[in-house]
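Read through the structure below, which is laid out as structure tokens, and then see the notes.
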Amino acid sequence: MCADHIVGQYDNCLFSLHTPQSIGRTMEQEVKDSRWTRMSRFRIDGVNIDHLQAATGNEGLVSWIVSGKVDAVLDIKFPRDPKAFDIGEIIEGIAAAAAEQIEEARRAGRELGIPLISDRIPGQRELAKPALSAPEDEKELREEYEKPVVLIDIDLRFRDLKAAMPLFTNELSYVNHALVRPIVSFINANRTLVPIRCKIVKDLEDFHGSWTMWETGLTDIISQKASKDV
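Pasting the structure below:
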């Protein structure tokens, strides 16, 4: 996951791993990213939903889907070793020295009507409406920087879906079970695109000795957050 660049194919689906590009990022954004030793973007398009179902089991949103494909973009941030040389302080000093000139250039650009792009280039096409977002776990966010963690921003886009009523509904209340039926009917009646965005915070220790996403517990967490979104 720390490779500079990887391109390949899995089940006829192209995937890539690289460092996400950015344009015109501000000092505060660069300093914020300096808390992480590395950031990688993993992208794969057109994955058959069967692969997710095999990893998540018979519970959650993924188990409702009979057929379909998913496009996924994962921005993964790896923690910095506190014992390692802190280059973040150097970056902060350089950025602070140039902050005044940068702000002058931004003001001049606004006066001339030049659009400013200060965010990282997105991994997916922009949506007409915001994607579904899972409610943030306050406990996770509070403990985010207390110990070494891996932070993963996930953008999933399910498309060409066909769904069925879940086989096991122990996790659903009577009211929620009744609400699932119109959702399933709508998915089956339309060529539905379901965009979902969520953030996952995992202890670095969970990745030690793990060879697959299932061993780290990521697939179960993604399924749970997707169910909360819907």
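In this text, residue positions in the sequence shown follow the UniProt record's numbering: the first is 1, and each later residue adds one.
Yeah, the Cβ is synthetic: ideal placement off N, Cα and C, and Gly gets one too.
Just how far apart, CA to CA, sit residue i and residue j?
{"i": "N12", "j": "I44", "result": "11 angstroms"}
{"i": "R159", "j": "V184", "result": "14 angstroms"}
{"i": "V149", "j": "I76", "result": "11 angstroms"}
{"i": "S210", "j": "E104", "result": "48 angstroms"}
{"i": "Q9", "j": "W36", "result": "28 angstroms"}
{"i": "N188", "j": "I221", "result": "25 angstroms"}
{"i": "F186", "j": "Q53", "result": "21 angstroms"}
{"i": "S40", "j": "T19", "result": "5 angstroms"}
If I'm right that residue i touches residue j with Cβ under 8 angstroms, what's the distance once you round it to whole angstroms?
{"i": "L163", "j": "V73", "result": "What sits at residue 163 in the sequence shown is Ala, not Leu. At roughly 23 angstroms, the Cβ-Cβ gap does not stay under 8 angstroms, so A163 and V73 are not in contact."}
{"i": "D153", "j": "K199", "result": "6 angstroms"}
Just to confirm my understanding: we take residue i, look at its own chain, exclude 5 residues before and 5 after, and list those with CB closer than 7 angstroms. What are they?
{"i": "N48", "result": "D11 and K69"}
{"i": "L204", "result": "P79, P148, V149 and V150"}
{"i": "T216", "result": "K202, D206, F207 and S210"}
{"i": "L179", "result": "none"}
Is it the case that the Cβ atoms of residue i and residue j are separated by a distance below 9 angstroms?
{"i": "L156", "j": "R191", "result": "no"}
{"i": "L161", "j": "V194", "result": "yes"}
Apply the 10 Å Cβ neighbour rule to residue i and answer buried if 16 or more other Cβ atoms are within range, or exposed otherwise.
{"i": "L218", "result": "buried"}
{"i": "V7", "result": "exposed"}
{"i": "D4", "result": "exposed"}
{"i": "L14", "result": "exposed"}
Using C-beta distances below 6 angstroms, list every residue in its chain close to residue i, excluding the 5 sequence neighbours before and after it, in chain order.
{"i": "M213", "result": "T219"}
{"i": "F42", "result": "L17 and L74"}
{"i": "D71", "result": "D45 and R157"}
Output needed for residue i: all residues of its chain with C-beta closer than 8 angstroms, excluding positions within five of it in sequence on either side, in chain order.
{"i": "I51", "result": "In the sequence as displayed, the identity of residue 51 is His instead of Ile. Once the five neighbours on either side are set aside, the close Cβ partners of H51 are D11."}
{"i": "K181", "result": "Just to set this straight, residue 181 is Arg in the shown sequence, not Lys. Only M165 meet the Cβ criterion."}
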